[in-house]
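**Student:** Below you will find the structure I want to go over with you.
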Amino acid sequence: MDSFLISAVVIPLVSSAMVLGGLLSISFLQLPTIRKNMRREAEEQLYSRIMEARIRLGNTETFTKMAKESPIFAERFALVDTPQEYYIIMSFIDLIEFLHRLNKTEMINADVWSRWKALSTTMMTIPKFKTVWNKTKDIHTAEFRHFIDSL
């Protein structure tokens, strides 16, 4: 009877405990990856919202009027035909910088990055884009400046 009890109750319990322990250890091992992915997704969503707000607010007559009172903005607006051109160029530069960082941290597919890198090269052939970049590149990271200047 003791042998039956061991076979029928104890072995399944031990086996279940081992399986549960294995699953829990796998879950704990994957926890850092899960956290990293959640943080990246949250960061991307936040960045997207910030970019949308920046474009929406910056591209208003009220902001443009105030910005023209700044010698820095006045100088930058003089590089393009309209303030809206300046806002669009800066938005593209910021987007490319964000994607560049995602590429450096291996958070973007290599094929997708290749397309953005090609677009970056093409964008630098636009005289206004290049002019605005040359005037504003000091506000970007050294690594990103090197990337764009190497195109």
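For reference, each letter of the sequence shown is one residue, going 445 to 595 in my numbering. Glycine residues also receive a C-beta, built at the ideal position from the N, C-alpha and C atoms.
How about R520 and T580: do their beta carbons lie closer than 8 Å?
**Tutor:** The sequence position of residue 520 within the sequence shown is 76, counting from 1. The sequence position of residue 580 within the sequence shown is 136, counting from 1. In this structure, R520 sits near T580, with a CB-CB distance shorter than 8 Å.
**Student:** Please state whether DSSP places M567 in a helix, a strand or coil.
**Tutor:** Locating residue 567 in the sequence shown gives position 123, counting from the first residue. Reduced to three states, the DSSP call for M567 is helix.
**Student:** Three or more C-beta pairs closer than 8 Å, one from the region 526-540 and one from the region 498-516: is that the case here?
**Tutor:** Cβ pair count under 8 Å is three or more, so yes.
**Student:** Tell me which same chain residues have a C-beta within less than 7 Å of the C-beta of T575, skipping the five on either side of it?
**Tutor:** By 1-based counting over the sequence shown, the position of residue 575 is 131. Only L523 meet the Cβ criterion.
**Student:** Once the 5 residues before and after E598 are set aside, which same chain residues still bring their CB inside 6 Å of it?
**Tutor:** For residue 598 there is no data in the structure shown, the boundaries of the chain being 445 and 595.
**Student:** How should I478 be labelled, buried or exposed, when 16 other C-beta atoms within 10 angstroms of its C-beta is the threshold for buried?
**Tutor:** What you label residue 478 is simply residue 34 of the sequence shown in a count that begins at 1. Counting C-beta atoms within 10 angstroms of its own C-beta, I478 has fewer than 16 neighbours from the protein chains shown and is therefore classed as exposed.
**Student:** Roughly how far, in whole angstroms, is the beta-carbon of S564 from the beta-carbon of I583, given that I think they are within contact range, below 8 Å?
**Tutor:** Within the sequence shown, the letter at position 120 stands for residue 564. Within the sequence shown, the letter at position 139 stands for residue 583. That belief does not hold up - the Cβ atoms of S564 and I583 are roughly 17 Å apart, past 8 Å.
**Student:** Specify the secondary structure class of G552 as computed by DSSP and reduced to three states.
**Tutor:** Here residue 552 is taken as the residue at index 108 of the sequence shown, counted from 1. The sequence as given places Ile at residue 552; Gly does not occur at that position. DSSP places I552 outside both helix and strand once states are collapsed to three, so it counts as coil.
**Student:** Which value, in whole angstroms, describes the spacing of the CA atoms of L546 and A486?
**Tutor:** The residue you call residue 546 lines up with position 102 of the sequence shown. The residue you call residue 486 lines up with position 42 of the sequence shown. L546 and A486: Cα-Cα distance of roughly 13 Å.
**Student:** Can the beta-carbon of P527 be found less than 8 Å from the beta-carbon of T506?
**Tutor:** Within the sequence shown, the letter at position 83 stands for residue 527. Within the sequence shown, the letter at position 62 stands for residue 506. Result no, Cβ atoms of P527 and T506 do not sit closer than 8 Å.
**Student:** Going by the CB atoms, is the gap between E529 and K572 shorter than 8 Å?
**Tutor:** Residue 572 sits at position 128 when you count from the first residue of the sequence shown. Residue 529 sits at position 85 when you count from the first residue of the sequence shown. Yes. Within cutoff.
**Student:** When burial is assigned at 16 or more other CB atoms within 10 Å of the CB, is H590 buried or exposed?
**Tutor:** Counting from 1 along the sequence shown, the entry for residue 590 is found at position 146. It counts as exposed.
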